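Accompanying notes for the structure given below.
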Amino acid sequence: ANYPQIAVDAKGNAIAVWQQSDGTRSNIWANRYVVGSGWGPATLIETDNTGPARNPQVAVDSAGNAIAVWKQSDGSSSYILANRYDTEEGWGTATLIDDVGGARLPRVAVDSAGNALVVWDQWDGTLSNIRANRYETGTGWGTASLIETEAGSAAFPRVAVDTGGNAIAVWQQSDGTRNRIR
């Protein structure tokens, strides 16, 4: 097991995610900590065995619902997948939130209502761009879209969301001579 990430809600409950090898490929696992009860059993939250799953990230809302994201390979390219944890129902089914390929390094932020924004960098065959997808509570995932159009490769995005759902993303972008933050 490696690359652990953790997020904590306002009550002190936590969700941890990590990648773990089954001897053939890496998978994404999660575990929930509940104040007063402790840790529950570890849960496999992705079941796509076409290739390795890596780089998990997790964020929680004020009620303890969570969204985990990761990069998943199909053997020839990599995509971004997500799974949502509902405090009443547990983990859902992993969902493909990007279908272009060449994706890596997802990051996720969640507002107090459970709406989420995921950003990642994605190779288009010439350079790397920054893409995003939004999850709306009660509606689900939108369509992934390009959020930067500057010349030069962009990488290593980060995202933050306020309680009203407003988001800001930043990333590193090359101008051909040096990297700048956009």
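To convert, note that position 127 of the sequence shown is 185 in our numbering; the numbers rise steadily by one, no gaps.
Each residue gets a CB set at the ideal place from its N, CA and C atoms; glycine is no exception.
Being a predicted model, the structure only gives us computed values, none of them experimental.
Would you decide whether residue i is buried or exposed? Buried here means 16 or more other CB atoms lie within 10 Å of its CB.
i      : result
LYS129 : buried
PRO114 : buried
LEU154 : exposed
VAL127 : buried
GLY122 : buried
PRO99  : exposed
VAL118 : buried
ILE19  : No statement about residue 19 is possible, as the shown extent of the chain runs from 59 to 240 and does not include it.
Starting from residue i and walking both ways along the beta strand (DSSP E), at which residues does that stretch end?
i      : result
LYS69  : It is not in any beta strand (DSSP E) - LYS69 carries neither H nor E in the DSSP assignment.
ARG142 : 136-144
GLU194 : 186-194
ASP179 : 174-181
ILE215 : The amino acid occupying residue 215 in the given sequence is Pro; Ile does not appear at that position. Note, PRO215: beta strand (DSSP E), 212-219.
VAL93  : VAL93 -> no beta strand (DSSP E), and no H or E assigned at all.
Relative to the C-alpha of residue i, which candidate in the options has its C-alpha closest?
i      : options                           : result
ILE86  : ALA111, ASN224, GLN230 and GLY159 : ALA111
THR197 : VAL66, ARG142, ASP233 and THR207  : ARG142
VAL116 : ARG90, ALA68, PRO215 and VAL75    : VAL75
ALA88  : GLY70, GLY148, ASN107 and THR108  : GLY148
ASP220 : TYR91, ALA171, ALA209 and SER135  : ALA171
Express the C-alpha separation of residue j and residue i in angstroms, rounding to a whole number.
i      : j      : result
ALA225 : ALA167 : 8 Å
SER203 : ILE188 : 9 Å
ILE239 : TRP229 : 6 Å
GLY81  : ALA59  : 11 Å
THR105 : ALA152 : 8 Å
GLY234 : ALA213 : 14 Å
THR184 : GLN231 : 14 Å
ALA46  : VAL177 : Because the chain here runs from 59 to 240, residue 46 falls outside it and cannot be looked at.
ASN237 : LEU175 : 24 Å
ASN107 : ARG83  : 8 Å
For residue i and residue j, which I take to be in contact (beta-carbon distance under 8 Å), what is that distance rounded to the nearest angstrom?
i      : j      : result
ASP179 : ARG192 : Rounded, the Cβ-Cβ distance is 17 Å, inconsistent with contact.
Any heavy atom of the ligand HEM closer than 7 Å to the CB of residue i?
i     : result
GLY81 : Annotation note on the ligand HEM: not contained in the displayed structure, which lists no ligands.
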